[in-house]
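Participant: For the protein sequence lines, the chains are H and L, in the order given. Per the numbering used here, the first sequence starts with residue 28, numbered consecutively. Per the numbering used here, the second sequence starts with residue 294, numbered consecutively.
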Amino acid sequence: MNPVSELIKNLADQHGRNRHNLLPILQGVVEQEKYLSEFSMIEIARELDLPASEVYGTATFYSFLEHKKMGKYIIRICKTITCSMKGKNQILLAIEDMLKINVGETTPDGNFSLLQTNCLGFCHKAPAMLINNDVYTELTPEKVREILSSYLKKQKEGIA
Amino acid sequence: MTVNYQLKRADFIFKNENDWEDVLGKSIGRTPQELINELISSELKGRGGAGFPTGLKWKLSAEAESDVKYVICNADEGEPGTFKDREILSRVPFKVLTAMAVCGHVIGAKEGYIYLRGEYFFLQPELNKAIDEFEYYCKETNLDFKIKIFMGSGAYICGEETALFESMEGKRGEPRNKPPFPTNYGYMGKPTVINNVETLAHTFTIFKYGAKRFYDLGVQYSRGSKLFSVSGDTPKPGIYELELGMSLADFVEEFGDGDTKAVQVGGASGFLVPRKRFAETAIGFQGKLTGISLPTGGSMMLFNSSRSMFNVLDNYLEFFREESCGQCTPCRVGCQQLLMGIKAVKRGEKNARYLDKLLTLTETMKLTAKCGLGQSVANSFSSIVENFREEMIY
Numbered sequence: 028m029n030p031v032s033e034l035i036k037n038l039a040d041q042h043g044r045n046r047h048n049l050l051p052i053l054q055g056v057v058e059q060e061k062y063l064s065e066f067s068m069i070e071i072a073r074e075l076d077l078p079a080s081e082v083y084g085t086a087t088f089y090s091f092l093e094h095k096k097m098g099k100y101i102i103r104i105c106k107t108i109t110c111s112m113k114g115k116n117q118i119l120l121a122i123e124d125m126l127k128i129n130v131g132e133t134t135p136d137g138n139f140s141l142l143q144t145n146c147l148g149f150c151h152k153a154p155a156m157l158i159n160n161d162v163y164t165e166l167t168p169e170k171v172r173e174i175l176s177s178y179l180k181k182q183k184e185g186i187a
Numbered sequence: 294m295t296v297n298y299q300l301k302r303a304d305f306i307f308k309n310e311n312d313w314e315d316v317l318g319k320s321i322g323r324t325p326q327e328l329i330n331e332l333i334s335s336e337l338k339g340r341g342g343a344g345f346p347t348g349l350k351w352k353l354s355a356e357a358e359s360d361v362k363y364v365i366c367n368a369d370e371g372e373p374g375t376f377k378d379r380e381i382l383s384r385v386p387f388k389v390l391t392a393m394a395v396c397g398h399v400i401g402a403k404e405g406y407i408y409l410r411g412e413y414f415f416l417q418p419e420l421n422k423a424i425d426e427f428e429y430y431c432k433e434t435n436l437d438f439k440i441k442i443f444m445g446s447g448a449y450i451c452g453e454e455t456a457l458f459e460s461m462e463g464k465r466g467e468p469r470n471k472p473p474f475p476t477n478y479g480y481m482g483k484p485t486v487i488n489n490v491e492t493l494a495h496t497f498t499i500f501k502y503g504a505k506r507f508y509d510l511g512v513q514y515s516r517g518s519k520l521f522s523v524s525g526d527t528p529k530p531g532i533y534e535l536e537l538g539m540s541l542a543d544f545v546e547e548f549g550d551g552d553t554k555a556v557q558v559g560g561a562s563g564f565l566v567p568r569k570r571f572a573e574t575a576i577g578f579q580g581k582l583t584g585i586s587l588p589t590g591g592s593m594m595l596f597n598s599s600r601s602m603f604n605v606l607d608n609y610l611e612f613f614r615e616e617s618c619g620q621c622t623p624c625r626v627g628c629q630q631l632l633m634g635i636k637a638v639k640r641g642e643k644n645a646r647y648l649d650k651l652l653t654l655t656e657t658m659k660l661t662a663k664c665g666l667g668q669s670v671a672n673s674f675s676s677i678v679e680n681f682r683e684e685m686i687y
């Protein structure tokens with residue numbers, strides 16, 4: 028069995044096969060695969076006995092359910108008002124410079140994707156970003172370079 | 294006209310929660326009617342921003358006839374400038390869980406959900422631990438109530454109650470028509486009480502100390518205390534519990550950096566108040582007899598004179614354009630046109646009178662958009678354009 032199909036089957040066993048179990052299943056696939064491929068969406072539709080268009084409709088509504096192949100680490104920089112006022116652009120430039128990618132792109136080795144996102148709820152510690160589910164706040168260009176270096180190091184040593 | 298209410302600090306929400314078992318036991322021992330009366334006389338209003346009377350909400354759900362009912366804690370805290378709910382869930386989770394179980398007792402629900410926004414995924418392990426401990430206690434005391442976390446996936450609109458139900462049901466987070474209201478037709482079409490995290494935490498205070506203690510705080514129509522999320526150009530950003538009803542001038546005196554040009558009250562969907570109106574503006578629910586009262590879910594963003602109000606509005610509109618669910622035309626197209634419109638005026642491609650056209654558009658959105666998102670874009674748009682017109686033009 029294809030590993031993605033197996034993952035979907037396991038998630039359906041765990042959460043149930045009703046319509047109201049769809050979001051947790053979509054989230055489970057994204058957690059593992061980092062995105063929802065067309066294949067995954069069709070498999071989920073089959074497993075839950077739903078029209079594939081319904082699964083697609085739900086999946087594409089939510090900004091954290093990516094449907095384009097993403098890197099192992101997804102960096103999401105908050106671009107809403109306070110973070111923007113407190114130097115979000117400098118953070119973005121520092122990351123773009125370091126990883127040699129622009130917003131919306133993934134590094135060629137498939138390790139990092141860079142995105143902007145709306146309010147993360149850390150306005151009192153702006154600017155803020157998420158790397159996968161981990162939050163980093165009160166960023167400065169120096170601080171963000173250190174954080175990324177630690178990820179790059181982890182990556183090189185193969186612990187991650 | 295000057296508002297004379299002083300800024301008063303309060304300390305209820307984050308006070309220790311070690312006595313939650315007592316509060317739960319004591320409350321479950323009372324009749325639903327007693328508890329509803331307690332809430333109604335406290336005059337607690339929803340702390341998410343809309344300000345619906347909490348006691349009435351519980352009463353309507355209690356009266357709805359159904360074998361299955363639900364209690365939902367709305368932790369989809371997405372309004373720009375708000376971050377208090379996360380703090381409540383991480384510092385005093387048992388207050389929220391207790392309040393949910395008491396609500397279950399009042400309305401006759403056996404299941405509760407916490408809808409947690411995807412951005413707060415990292416809260417999950419600790420919160421699940423608290424839920425396990427809470428459920429263990431419920432089991433021991435034969436209280437039939439279960440709580441689960443439901444994760445969101447990054448959609449601001451899902452904080453709108455009916456969009457939240459749709460999302461939980463596995464659909465796109467598109468708001469429903471109202472009526473029917475959630476108290477009768479909520480999650481899975483069943484009567485549902487959906488309260489903001491902070492609202493639930495306040496009910497804990499009320500059940501613990503009685504309605505009077507809460508009612509004695511604040512001012513007429515705006516009783517009790519409230520958490521304020523303070524950010525922007527301030528030397529002390531953070532979360533503060535204050536009594537409702539204070540004047541904005543006092544607030545700025547306390548939290549400003551000496552050069553405050555304007556304050557955004559209630560996040561991007563709220564109002565921008567310019568310096569000249571600080572003294573006549575009070576923070577609380579509408580209904581006061583004099584002056585202006587502005588409600589807020591707690592978001593208070595300060596801007597000093599180094600900030601361009603054009604950039605601020607541009608940022609808000611970008612936010613709304615992305616977060617509009619796209620279901621109804623006034624909001625979907627309106628948000629796009631407002632954003633394009635202010636940019637065109639700024640670039641000089643449209644003349645200044647075009648701003649008046651855009652103001653009419655926001656009026657249309659206010660009247661015709663399906664939910665609070667599209668209706669409230671007018672708030673920040675008109676308060677910024679009317680007060681800082683020159684900054685929009687040049």
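We treat Cβ as the ideally placed atom computed from N, Cα and C, and that holds for glycine.
#1: Pull up the distance between the alpha-carbon of H:Arg44 and that of H:Asn37, whole angstroms please.
#2: Looking at L:Ala394: is its Cβ nearer than 7 Å to the Cβ of L:Phe458?
#3: Tell me whether H:Asp161 sits in a helix, a strand or coil according to DSSP, three-state version.
#4: Residues in its own chain within less than 6 Å of L:Thr496 by CB, not counting five upstream and five downstream?
#5: Suppose you measure from the CA of L:Gln417 to the CA of H:His47; what does that come to, to the nearest Å?
#6: Taking C-beta to C-beta, are L:Lys659 and L:Ala671 nearer than 7 Å?
#7: Cβ atoms of L:Pro484 and L:Ala357: under 7 Å apart, would you say?
#8: With 7 Å as the C-beta to C-beta threshold (strictly closer), list the residues of the region 91-108 of chain H near chain L in chain order.
#9: Taking the alpha-carbon positions, what's the L:Met294 to L:Phe414 distance?
#10: Considering only their Cβ atoms, is the gap separating H:Pro154 from H:Leu166 smaller than 7 Å?
#11: Is H:Gly43 close to chain L, meaning its C-beta is less than 7 Å from at least one C-beta of that chain?
#12: Roughly how far, in whole angstroms, is the beta-carbon of H:Gly98 from the beta-carbon of H:Thr133, given that I think they are within contact range, below 8 Å?
#13: I want to see whether chain L comes within less than 7 Å of H:Ser111, judged by CB atoms only; does it?
#14: Secondary structure at H:Gly185, three-state DSSP: helix, strand or coil?
#15: Could you tell me the alpha carbon to alpha carbon distance between H:Ile101 and H:Ala72, rounded to whole angstroms?
#16: Check whether the Cβ of L:Ala448 lies closer than 7 Å to any Cβ atom in chain H.
#17: Is the number of C-beta pairs between the region 638-658 of chain L and the region 619-628 of chain L that are closer than 8 Å three or more?
#18: Determine whether the Cβ of H:Arg46 lies closer than 7 Å to any Cβ atom of chain L.
#19: Suppose contacts are defined by Cβ-Cβ distances below 7 Å. Is H:Leu63 in contact with H:Ala86 by that definition?
#20: Per the DSSP calculation, H:Thr144 is bridged to which residue(s)?
#21: Please check the pair L:Tyr408 and L:Phe443, which I expect to be a contact at CB under 8 Å, by giving their CB distance rounded to whole angstroms.
#22: Under 8 Å Cβ-Cβ, which residues of chain H neighbour L:Met444?
#23: Less than 7 Å between CB atoms is the rule here; does H:Leu147 satisfy it with respect to chain L?
#24: Report yes or no: do three or more beta-carbon pairs, one from the region 488-495 of chain L and one from the region 367-387 of chain L, lie closer than 8 Å?
#25: Could you tell me which chain L residues have their CB closer than 8 Å to the CB of H:Asn37, listed as they occur along the chain?
#26: Whole angstroms is fine: what's the gap from L:Glu419's alpha carbon to L:Tyr514's?
#27: Identify the contact partners of L:Met461 in chain H, using a Cβ-Cβ distance below 9 Å as the criterion.
#28: Using only CA atoms, which one of L:Gly503, L:Val638, L:Ile532, L:Lys352 lies nearest to L:Ile400?
#29: At a Cβ threshold of 7 Å, is H:Gly114 touching chain L?
#30: If you follow the alpha helix (DSSP H) that L:Met481 is part of, which residue opens it and which one closes it?
#31: Residues in the same chain with beta-carbon distance under 7 Å from L:Gly619, minus the five sequence neighbours each way, listed in chain order, please.
#32: Look up L:Arg302 in the DSSP assignment and give the residues it is bridged to.
Facilitator: Judging by the given coordinates:
#1: Within the first sequence, the letter at position 17 stands for residue 44 of chain H. Within the first sequence, the letter at position 10 stands for residue 37 of chain H. Approximately 11 Å between the Cα atoms of the pair.
#2: If you number the second sequence from 1, residue 394 of chain L lands on position 101. If you number the second sequence from 1, residue 458 of chain L lands on position 165. No, Cβ-Cβ distance for L:Ala394 and L:Phe458 is not below 7 Å.
#3: In the first sequence, the residue the question calls residue 161 of chain H occupies position 134. Strand at H:Asp161.
#4: Translated into positions along the second sequence, residue 496 of chain L becomes position 203. The answer, listed in chain order, is Ala392.
#5: Residue numbering aside, residue 417 of chain L sits at position 124 when the second sequence is read from its first letter. Residue numbering aside, residue 47 of chain H sits at position 20 when the first sequence is read from its first letter. Spanning the two alpha carbons is a distance of roughly 20 Å.
#6: Locating residue 659 of chain L in the second sequence gives position 366, where the first residue counts as 1. Locating residue 671 of chain L in the second sequence gives position 378, where the first residue counts as 1. Yes, the pair counts as a contact, with Cβ atoms nearer than the cut-off.
#7: Here residue 357 of chain L refers to the residue found at position 64 of the second sequence. Here residue 484 of chain L refers to the residue found at position 191 of the second sequence. Closer than 7 Å, so yes.
#8: Phe91, Leu92, Thr107, Ile108
#9: What you label residue 294 of chain L is simply residue 1 of the second sequence in a count that begins at 1. What you label residue 414 of chain L is simply residue 121 of the second sequence in a count that begins at 1. Annotation note: pLDDT 49 at L:Met294 (below 50); position unreliable, coordinate value reported separately. Each residue's Cα considered, the two are about 46 Å apart.
#10: The residue you call residue 166 of chain H lines up with position 139 of the first sequence. The residue you call residue 154 of chain H lines up with position 127 of the first sequence. It is a contact, given that the beta carbons lie within the stated cut-off.
#11: Sequence index remark: in the first sequence, residue 43 of chain H carries index 16 (1-based). Cβ-Cβ to chain L under 7 Å: no for H:Gly43.
#12: Here residue 98 of chain H refers to the residue found at position 71 of the first sequence. Here residue 133 of chain H refers to the residue found at position 106 of the first sequence. The Cβ separation is near 4 Å, so the contact holds.
#13: Counted from its first residue, the first sequence places residue 111 of chain H at position 84. Yes - at least one Cβ of chain L is within 7 Å of the one on H:Ser111.
#14: Residue numbering aside, residue 185 of chain H sits at position 158 when the first sequence is read from its first letter. In this structure, H:Gly185 counts as coil in the three-state DSSP scheme.
#15: Locating residue 101 of chain H in the first sequence gives position 74, where the first residue counts as 1. Locating residue 72 of chain H in the first sequence gives position 45, where the first residue counts as 1. Straight-line Cα distance between these residues: approximately 26 Å.
#16: Here residue 448 of chain L refers to the residue found at position 155 when the second sequence is read from its first residue. Answer yes: the Cβ-Cβ gap between L:Ala448 and chain H drops below 7 Å somewhere.
#17: With the cut-off at 8 Å, the region 638-658 of chain L and the region 619-628 of chain L touch.
#18: Indexing the first sequence from 1 puts residue 46 of chain H at position 19. Yes, contact with chain L.
#19: Mapped onto the first sequence, residue 63 of chain H falls at position 36. Mapped onto the first sequence, residue 86 of chain H falls at position 59. Yes, the pair counts as a contact, with Cβ atoms nearer than the cut-off.
#20: Taking the first sequence and counting its residues from 1, the one referred to as residue 144 of chain H is at position 117. Note: H:Thr144 sits in a beta bridge opposite H:Cys105.
#21: Position 115 of the second sequence holds residue 408 of chain L. Position 150 of the second sequence holds residue 443 of chain L. Contact flag correct, Cβ pair sits at about 5 Å.
#22: Position 151 of the second sequence holds residue 444 of chain L. The answer, in chain order, is Leu50, Pro51, Gln54.
#23: In the first sequence, the residue the question calls residue 147 of chain H occupies position 120. Chain L contact via Cβ: present.
#24: Taking 8 Å as the limit for Cβ pairs, the verdict is that the region 367-387 of chain L does touch the region 488-495 of chain L.
#25: For the purposes of this step, residue 37 of chain H is taken as the residue at position 10 of the first sequence. Residues of chain L passing the Cβ test: none, with the nearest at roughly 18 Å.
#26: Against the second sequence, residue 419 of chain L aligns to sequence position 126. Against the second sequence, residue 514 of chain L aligns to sequence position 221. Distance between the alpha carbons of L:Glu419 and L:Tyr514 is about 36 Å.
#27: In the second sequence, counting from the first residue as 1, residue 461 of chain L sits at position 168. In chain order: His47, Leu50.
#28: Residue 400 of chain L sits at position 107 when you count from the first residue of the second sequence. For L:Ile400, the nearest C-alpha among the options comes from L:Lys352.
#29: By one-based count along the first sequence, residue 114 of chain H stands at place 87. Chain L, which has no Cβ nearer than 7 Å to the Cβ of H:Gly114, makes this no.
#30: Translated into the one-based positions of the second sequence, residue 481 of chain L becomes position 188. Unbroken run through L:Met481: none, as it is neither H nor E.
#31: Stepping through the second sequence from its first residue, residue 619 of chain L is reached at position 326. Cβ neighbours of L:Gly619 beyond the five flanking positions: Arg625.
#32: Start at 1 with the first residue of the second sequence, and residue 302 of chain L comes out as number 9. DSSP lists L:Leu535 as partners of L:Arg302.
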